[in-house]
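Heads up, the thing below is written out as structure tokens.
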Ligand code: NAP
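In this note's numbering, the protein residues as written are 369 to 906.
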């Protein structure tokens with residue numbers, strides 16, 4: 369199949385959740401001839417690549433799945449509240465087989481470039497396997513967190529042990545038994561991996577640049593009665609998550625954290641803490657993301673929990689987040705994370721207290737003037753989020769313009785799904801859409817449905833191209849930035865703010881819709897109902 373020069377109605381890049389659904393929808397609803405290119409050797413996307421120890425879903429599984437296969441919602445039984453990576457991958461493989469998706473997918477194939485041909489109004493797409501194909505529509509389903517960030521550490525090439533990044537973990541894993549291991553980073557990935565690695569390693573040293581606010585995941589078996597009730601009411605569940613703020617079955621407490629009594633607030637905090645998962649982050653007092661004093665109360669609660677859990681007060685102090693508001697970085701979910709620092713074989717090296725990483729040596733890591741020796745270094749250093757995977761595609765729009773040129777000061781999109789000057793390009797869960805600020809499958813399904821509907825309407829109306837206008841894009845970018853400037857989010861050096869990558873222009877990457885994902889869905893539907901307002905159709 370590789371090395372072809374065929375013409376397709378649509379090329380989809382990526383075979384994760386979004387690429388799989390996009391293919392299913394365009395092929396089986398609209399009857400289009402679709403080709404999916406995927407660099408991995410099977411479906412899965414994020415769940416194919418992220419196979420580090422402890423990798424599991426952070427959303428409750430009953431809403432972290434496809435909702436368009438109603439029968440499968442009834443038939444599939446998740447083993448736990450947050451299934452592990454292999455189980456999610458098995459689910460996606462099962463979906464691929466059940467819907468015969470692989471026959472339109474080409475694996476082990478990376479898209480290395482694509483340009484819009486203004487004479488034919490077609491995209492020409494090139495792969496590393498020599499394919500040179502054309503397609504009317506180009507749809508990126510490349511994920512928001514798929515371009516690995518390995519910071520430039522001087523001397524890495526001299527390290528004599530093994531090293532890897534969590535999102536490129538070797539298949540079959542790494543045996544840490546009896547080894548001296550370093551984990552660099554303390555984001556959501558590291559928070560999952562550290563307790564697992566600590567159980568095996570002889571000595572684990574964690575290099576922390578910024579302490580995180582972690583809340584308990586509370587994973588476990590789900591009560592069969594709860595499972596039965598959810599299955600009996602899946603239509604209700606789907607309706608609620610689609611209309612919700614963040615794609616979950618909960619919303620903010622409609623009060624200020626500052627207006628209630630201390631007793632009431634503690635009761636609510638305890639309730640959310642005990643419930644586990646994202647409740648503390650995404651269903652807290654409504655002013656938590658906006659008012660520093662309200663936020664401080666939430667932060668203080670977590671800090672008290674850290675001090676109570678971590679036995680050594682010096683280590684506890686290192687783990688206390690400082691200098692940014694709670695919730696403005698992605699919430700990591702903790703299963704024995706803080707407890708792990710009570711173990712004798714675990715050491716925490718904090719950049720601000722012990723000194724930052726200076727270089728990698730042949731034997732290990734030098735930080736704060738001291739050399740730490742390791743057999744294995746695991747980089748849990750995150751991703752060039754959202755814009756990285758799109759820029760890596762080397763797309764050229766009208767006049768040969770690239771996204772690099774267009775996005776010098778940060779992403780510029782319309783609705784997070786299209787880019788002016790790039791006709792018939794759809795960016796599923798792209799920058800400036802809610803995407804990573806929501807339960808991903810909810811946002812993926814909304815984009816896939818919108819794109820399918822758009823293409824169907826274009827074909828009915830005999831239109832060949834759709835393209836965001838520069839004016840609509842400018843307004844959208846201004847709107848995205850204005851909304852976030854009213855929150856505490858810009859104060860954090862988060863990947864949401866593009867702050868994790870040296871030299872990346874500081875810009876907020878997702879879209880925090882003031883009416884949540886439900887409101888964003890309405891906005892996109894209104895645009896369509898108004899004849900694709902803000903787009904030029906030809
Ligand atoms: P991340 O949140 O970007 O964390 C990277 C960590 O590496 C941070 O602690 C960061 O410190 C540190 N770091 C980066 N560059 C460094 C450098 N040059 N020197 C020292 N430390 C450095 O990445 P992640 O943990 O992989 O998570 C990324 C996202 O993936 C999450 O936010 C989440 O959206 C997603 N995720 C989802 C799940 C799930 O749902 N199951 C699980 C894991 C991750 P700073 O904080 O100082 O930048």
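Backbone N, C-alpha and C define an ideal beta-carbon position, used for all residues, glycine too.
Runs of beta strand (DSSP E) with 3 or more residues, each lying fully within the region 460-514, are found at 479-485, 490-495 and 500-508, listed in chain order.
In terms of side-chain proximity, the C-beta atom of residue 582 is found no nearer than 6 Å to any non-hydrogen atom of the ligand NAP.
When DSSP states are grouped into helix, strand and coil, residue 831 belongs to the coil group.
Remark: the C-beta of residue 863 is in contact range of the ligand NAP, defined as less than 6 Å to any heavy atom. Exclusion of the five residues before and after residue 400 leaves 377, 378 and 394 as the residues of its chain whose Cβ lies within less than 6 Å of its Cβ. Shown here, residue 420 sits in coil according to DSSP, grouped into three states, outside any helix or strand. Going by beta carbons, residue 489 and residue 703 fall outside the 7 Å limit. In terms of side-chain proximity, the C-beta atom of residue 667 is found no nearer than 6 Å to any non-hydrogen atom of the ligand NAP. Under the DSSP assignment, residue 771 falls outside any beta strand (DSSP E), being part of the alpha helix (DSSP H) whose first and last residues are 771-774.
The beta carbon of residue 519 sits closer than 6 Å to at least one heavy atom of the ligand NAP. With a threshold of 16 other beta carbon atoms within 10 Å, residue 699 meets it and is buried. Judged by DSSP in its simplified three-state form, residue 382 adopts coil rather than helix or strand. No Cβ-Cβ contact shorter than 7 Å links residue 878 with residue 811. In this structure, residue 511 has its beta carbon at no less than 6 Å from each heavy atom of the ligand NAP. In this structure, residue 562 sits near residue 551, with a CB-CB distance shorter than 7 Å. In this structure residue 450 does not touch residue 433 by the C-beta definition: roughly 12 Å separates them, more than the 8 Å allowed.
Taking residue 545 as reference, the option from 861, 513, 895 and 565 with the minimal CA-CA separation is 565.
Sorting 598, 506 and 757 by C-alpha distance to the C-alpha of residue 772 places 757 at the top. The beta carbon of residue 860 sits closer than 8 Å to the beta carbons of 692, 693, 696, 697 and 867 from its chain, once the five residues preceding and following it are set aside; these are given in chain order.
For residue 466, the distance from the CB to the nearest heavy atom of the ligand NAP is not below 6 Å. For residue 443 and residue 392, the gap between their C-alpha atoms comes out near 19 Å.
Taking all protein chains in view, the Cβ of residue 421 is crowded by 16 or more other Cβ atoms within 10 Å, so the residue is classified as buried.
In this chain, the alpha helix (DSSP H) harbouring residue 671 covers 660-677.
Counting along the chain, the unbroken beta strand (DSSP E) around residue 734 starts and ends at 732-735.
Boundaries of the beta strand (DSSP E) harbouring residue 741: 738-741, taken from the DSSP string.
In this structure, the ligand NAP has a non-hydrogen atom nearer than 6 Å to the beta-carbon of residue 553.
Inclusion of residue 577 in the 6 Å shell around the ligand NAP follows from its C-beta lying nearer than that to a non-hydrogen atom of the ligand.
Setting aside the 5 residues that flank it on each side, residue 467 is surrounded in the same chain by 392, each with a C-beta closer than 6 Å to its C-beta; the list follows chain order.
Residue 835 counts as buried, since at least 16 other C-beta atoms from the protein chains shown sit within 10 angstroms of its C-beta.
For residue 718, the CB stays at least 6 Å from every heavy atom of the ligand NAP.
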